[in-house]
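Have a look at the structure below, then the notes.
Protein chains: 2
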Amino acid sequence: MASSRRQPRSRPETLLRRREILDAAIDIFGSKGFTGGTLQDIADQVGMTHAGILHHFGSKDQLLLEVLAHRDETDVAHLEGKHIPDGLALFRHLVMTAFLNAQRGGIVQAYAVLSAESVTDDHPGREFFQRRYTTLRSEVSHAFRVVCTEQGVDNESNIDDAAAAILAVMDGMQVQWLLDPTAVDLGRASEFAIEAILAGILRPQPSVLIEPAHSP
Amino acid sequence: MASSRRQPRSRPETLLRRREILDAAIDIFGSKGFTGGTLQDIADQVGMTHAGILHHFGSKDQLLLEVLAHRDETDVAHLEGKHIPDGLALFRHLVMTAFLNAQRGGIVQAYAVLSAESVTDDHPGREFFQRRYTTLRSEVSHAFRVVCTEQGVDNESNIDDAAAAILAVMDGMQVQWLLDPTAVDLGRASEFAIEAILAGILRPQPSVLIEPAHSP
DNA sequence: ATTAACTTGCTTACTGGACTGTAAGTTAAA
DNA sequence: TTTAACTTACAGTCCAGTAAGCAAGTTAAT
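In order, the protein sequences belong to chains A and B.
First residue of the first sequence: 4, per this note's numbering; consecutive thereafter.
First residue of the second sequence: 4, per this note's numbering; consecutive thereafter.
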């Protein structure tokens, strides 16, 4: 009775099938949102019934979580996975990513749509995005500190603001770009903003906004 | 037959009811999205049936459009309506708005959620947000040009990027703030980023990112 | 001033469809 | 022979929109 008698487990193609489904799900959730996109939509795209998808993933919520985890593995591998670029290299990497993103609207759209949707009540992706931003902010903050040390700058006070701002500008730019790709240059504008924020830390200047005592 | 015999039209309280409904709709669409929020949810909040709401607005899509138009009237009156602040005053206004927004999550959330959701297929709010960003970008661009002229700076090349970036950073920061209000300081971080981008236009500096020829 | 005619602002009831999830059955691989 | 990978069928909700009805208010004619 103690013998676990068999484990034929899954077939080799199953992994491929799951990946197909995940890809279709990114596509559908990106173009219709999580709430708006249906299992039927995804099933159609891979030539299956919606029950087949539930067989693999159990529930729509679970599918979303695996979609998010999957993209984190494959796509932001550069940032999350292997070795995180450090110091200036991280900022160069972010700029490169912005230019790269301008050529793959699908995944960009999925992330833009899902991250904003995740702030709604009881959204299954909320915790994922919370954690993701926390991680990314701390990585960018760390890079700022490294660069500050390298360049002998002491400007701790705004580093966390700057880190959040860099992620914010990349995300916000994507929304504008998705709404009208001809109206903004995703790569160039992101690069400009990242340089400006970086300079704001490395070469702090007196405020432009604070009312100067006007000439007497 | 030619006589237009009557026009009792609407009762005076009707305007108030409509406003109540619009407020409830902002709340519901903000917390559940447009697709996720239902007419029933909104009806419950104003003590009505969902058919009553359709009586006033005709369809869910139409309700969304009126919600967006209504908020534009009342809330961004500062920016859209009366006199648009110009030059540095516009940037000061944006910073003030960021600080103000940190104290009224509801409307902020509605706009963050709906603007991102609007990039999905056939979303009824898409055109609204497209136009809105186009307008805002050109207003911010204009302010940049005014400030450049005032300060004798000639830096046309990046003004459009900077304008898009300022809006992007404000929007992107809101998403991070909504996900975890304790993790980012919405007002302070927005202010820092706006100052940095403004400085990037007014006091252009050599790139921090471009690989410097390392010391010989 | 009264009343008749009409309109607004709803409600109830219903339609038709869509969606997630489940259960049971089928096929083919291990 | 067991199990994975499905399919078909169905259950139970839920949702936007429509139709019909009704009470209360408004207007016009008397």
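Note that CB positions come from ideal geometry on N, CA and C, so glycine has one too.
Being a predicted model, the structure only gives us computed values, none of them experimental.
Cα-Cα separation, residue i to residue j
| i | j | result |
| --- | --- | --- |
| B:Q133 | B:L189 | 24 Å |
| B:F195 | A:A168 | 8 Å |
| B:L71 | A:T100 | 33 Å |
| B:L25 | B:E69 | 8 Å |
| B:H126 | B:Q154 | 43 Å |
| B:V116 | A:H86 | 33 Å |
| A:V111 | B:T52 | 39 Å |
| A:L19 | B:F131 | 41 Å |
| B:F147 | A:R107 | 31 Å |
| B:L103 | B:V149 | 25 Å |
| B:P15 | B:D157 | 55 Å |
| B:Q43 | A:A165 | 42 Å |
| B:A202 | A:D30 | 39 Å |
| B:M173 | B:A54 | 37 Å |
| A:R74 | B:G50 | 43 Å |
| A:L91 | B:T17 | 60 Å |
| A:W180 | A:A171 | 14 Å |
| A:G109 | B:L93 | 35 Å |
| B:I139 | A:I56 | The sequence given here has Leu at residue 139 of chain B, not Ile. Going from the Cα of B:L139 to the Cα of A:I56 covers about 43 Å. |
| A:G128 | B:V178 | 13 Å |
| B:Q208 | A:T152 | 20 Å |
| B:I204 | B:D64 | 40 Å |
| B:R95 | A:H145 | 30 Å |
| A:G175 | B:E23 | 31 Å |
| A:S218 | A:S210 | For A:S218, the pLDDT reaches just 46, beneath the cut-off of 50, and the residue's location in the model is therefore unreliable, although a value from the coordinates is still provided. Roughly 18 Å between the two C-alpha positions. |
| A:I45 | A:S13 | 22 Å |
Closest residue to residue i among the options (Cα-Cα distance)
| i | options | result |
| --- | --- | --- |
| A:Y114 | A:E159, A:L201, A:L67 and A:A146 | A:L67 |
| B:S62 | B:F37, B:D47 and B:R206 | B:F37 |
| B:L212 | A:E130, A:G108 and A:E198 | A:E198 |
| B:V143 | B:F131, B:R191 and B:D89 | B:D89 |
| A:D47 | A:F60, A:A28 and A:H58 | A:A28 |
| A:G40 | B:D124, B:R191 and B:R74 | B:D124 |
| B:S141 | A:V187, A:G109 and A:A119 | A:V187 |
| A:S34 | B:S121, B:A92, B:P184 and B:L91 | B:S121 |
| A:F32 | A:F60, A:G55, A:S118 and A:G50 | A:S118 |
| A:L182 | A:A171, A:A105, A:H73 and A:T152 | A:A105 |
| B:N59 | B:Q179, B:V98, B:Q177 and B:R21 | A small correction: the amino acid at residue 59 of chain B is His; Asn does not occupy that position in the sequence shown. The candidate whose alpha carbon is nearest that of B:H59 is B:R21. |
| A:R191 | B:D64, B:V172, B:N161 and B:E23 | B:N161 |
| A:D163 | A:I45, A:I200, A:G109 and A:Q177 | A:I200 |
| B:E159 | B:I45, B:P184, B:Y136 and B:R206 | B:R206 |
| B:T137 | A:T185, A:I56 and A:G128 | A:T185 |
| B:L97 | B:H145, B:C151 and B:S193 | B:S193 |
Local conformation of residue i per DSSP, three classes
| i | result |
| --- | --- |
| B:V211 | coil |
| B:P127 | coil |
| A:R206 | coil |
| A:R14 | coil |
| B:Q133 | helix |
| A:R20 | helix |
| B:V143 | helix |
| A:S121 | coil |
| B:S6 | Reliability fails at B:S6, whose pLDDT of 36 lies under 50, so the model's placement of it is uncertain and the value that follows must be treated cautiously. In this structure, B:S6 counts as coil in the three-state DSSP scheme. |
Entirely enclosed alpha helix (DSSP H) segments - the segment 38-106 of chain B, minimum 4 residues:
42-49, 53-60, 63-77 and 91-104
Complete runs of the alpha helix (DSSP H) confined to the segment 148-203 of chain B [at least 4 residues]
162-182
Output, in sequence order along the chain, the residues in the segment 35-58 of chain B whose CB is closer than 7 Å to any CB in chain A.
K35, G36, T38 and G39
Give me the subset of the segment 191-202 of chain A whose CB atoms are less than 9 Å from a CB atom of chain B, sorted by chain position.
R191, A192, S193, E194, F195, A196, I197, E198, A199, I200, L201 and A202
Identify each residue in the segment 102-133 of chain B for which the Cβ-Cβ distance to at least one residue of chain A is less than 8 Å, and report them in chain order.
Q112, A115, V116, S118, A119, E120, S121, V122, T123, D124, R129, F132 and Q133
In chain order, what residues of the segment 153-168 of chain A put their CB closer than 8 Å to some CB of chain B?
N161, D163, D164, A165, A167 and A168
What residues from the segment 171-183 of chain A come within 9 Å of chain B, judged by C-beta to C-beta, listed N to C?
A171, V172, M173, D174, G175, M176, Q177, V178, Q179, W180, L181, L182 and D183
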